[in-house]
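**Q** Here it is, the structure, as structure tokens.
In my numbering, the protein residues as written are 68 to 208.
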């Protein structure tokens with residue numbers, strides 16, 4: 068990790084701190100171009116948006132997928148206050164970002180956050196209706 072990485076990671080932590088002070092959940096991220104230019108930064112807005120997916124990492128990955136050419140996205144680095152959750156990590160992978168630098172690991176986060184009760188399991192059923200379900204896929208590809 069370079070001194071620039073540490074400086075930018077500190078900015079992600081500061082964004083998280085600002086989010087927490089404003090009543091949001093304390094997570095922050097920024098996306099930096101290959102030349103070191105900060106392209107965008109954001110914080111968690113799960114509370115104010117009433118949106119369980121409003122994580123800053125997801126919002127930045129979606130922005131990059133919309134706004135950056137693939138070769139530009141591949142040269143970016145996301146700095147984030149905590150290791151991205153599986154939802155965000157999938158979006159980051161799909162958006163083609165080049166690198167992620169995070170402060171707290173998922174394990175460290177679990178050690179410091181208040182315990183929350185587990186969610187009830189979701190029941191998934193399928194596959195079903197294979198011939199019908201594949202028709203739109205076949206037509207598209």
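Glycine included, C-beta positions come from ideal geometry on N, C-alpha and C. Remember, it's a predicted structure, so these values are computed and weren't measured experimentally.
1) Could you name the residues that DSSP lists as bridge partners for residue 95?
2) Could you pull out every unbroken alpha helix (DSSP H) segment of at least 4 residues lying fully inside the stretch 105 to 152, listed in chain order?
3) Is the separation between the beta-carbon of residue 170 and that of residue 148 shorter than 8 Å?
4) Does the stretch 109 to 126 come within contact of the stretch 197 to 207, defined as at least 3 CB pairs closer than 8 Å?
5) Would you be able to state if there are at least three C-beta pairs under 8 Å between the stretch 93 to 106 and the stretch 130 to 144?
6) Count the other C-beta atoms from every protein chain shown that fall within 10 angstroms of the C-beta of residue 207, then say buried if there are 16 or more, exposed otherwise.
7) For residue 166, list the residues DSSP reports as bridge partners.
**A** Looking at the coordinates:
1) As a position in the chain shown, residue 95 is number 28, starting the count at 1. According to DSSP, which records beta bridges pairwise, residue 95 is partnered with 110.
2) 113 to 116, 123 to 134, 137 to 140
3) Along the chain shown, one-based indexing puts residue 170 at 103. Along the chain shown, one-based indexing puts residue 148 at 81. Yes.
4) no
5) yes
6) In the chain shown, the residue the question calls residue 207 occupies position 140. Flag for residue 207 reads exposed.
7) The count along the chain shown starts at 1 and reaches residue 166 at position 99. Note: residue 166 sits in a beta bridge opposite 144.
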